[in-house]
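Asker: Residues 557 to 610 in this note's numbering are what the sequence shown spells out, letter by letter. For glycine and all other residues, C-beta sits at the position ideal for the given N, C-alpha and C. Please read all numbers here as calculations on a predicted model, not as lab measurements. Before I ask anything, here is the structure I am working with.
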Amino acid sequence: PTTPIGGHVLAHAATYRIYLRKGKEEKRVARLVDSPSMPEGECVFRVTPEGIRD
């Protein structure tokens, strides 16, 4: 199971929950798993010296 940073107190106080994980090569994946107004979904991005790129 996944443990939230800050523990369960902060997990239940947060409006949005986003899980971050490493993908293939230099890619990262952000997955929105809890939101009052947005559907679940995920996006792939890279962190480069210039900033965040999709």
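(1) May I ask you to verify whether the stretch 584-603 touches the stretch 564-574, counting CB pairs closer than 8 Å and requiring at least 3?
(2) Considering only residues of the same chain and omitting the five flanking positions on each side of C599, which have a CB-CB separation below 6 Å?
(3) Kindly list the residues whose CB is nearer than 8 Å to the CB of G607, restricted to its own chain and excluding five residues on each side of it in sequence; keep chain order.
(4) For T604 and V565, I'd like the C-alpha separation in whole angstroms.
(5) Quick one: what's got a C-beta closer than 6 Å to L576's C-beta in the same chain, skipping five residues either side?
Answerer: Here's the rundown:
(1) yes
(2) A586
(3) Around G607: no qualifying Cβ.
(4) 33 Å
(5) A586
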